[in-house]
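S.K.: Below is one structure. I have some questions about it.
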Ligand code: FES
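Numbering (this note's numbering), first residue to last: 16 to 124.
Right, here's the structure in full:
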């Protein structure tokens with residue numbers, strides 16, 4: 016399965032209303048983070064519903080890698096650094112590692 020995009024590397028603090036249901040973006044493509052805007056179409060991802068039991072702040076996961084579902088569990092702290100923060104040499108090492116480890120779906124010519 017495809018990996019979700021990292022919308023951001025920190026949670027979104029949102030004040031929710033008791034009894035309301037919220038559709039959390041699981042694919043990371045929504046322009047209305049942390050909630051779904053329909054951008055997941057064709058990605059294999061679907062939004063996850065969150066029903067607020069009480070009013071108040073909820074820290075919705077922004078990195079889309081939380082093991083706790085829609086809320087932040089700190090997993091964003093363990094993600095590899097963004098490619099843009101790596102040196103050219105580090106980016107090349109990551110690229111070479113990805114080439115060896117990932118199935119890119121390519122067929123030999
Ligand atoms: S923002 Fe995803 S686990 Fe914290």
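Yeah, the Cβ is synthetic: ideal placement off N, Cα and C, and Gly gets one too.
#1: Are the beta-carbon atoms belonging to residue 93 and residue 74 less than 8 Å from one another?
#2: Just to be sure I understand the criterion: a residue counts if its Cβ is closer than 7 Å to at least one heavy atom of the ligand MG. Which residues meet that?
#3: For residue 61, I'd like the list of residues in its chain whose CB is within less than 7 Å of its CB, leaving aside the five on either flank, ordered along the chain.
#4: Using the three-state DSSP reduction, which class does residue 92 fall into: helix, strand or coil?
M.R.: Once the coordinates are examined:
#1: no
#2: Only the ligand FES can be found as ligands here, which leaves the ligand MG out of the picture.
#3: 41 and 55
#4: helix
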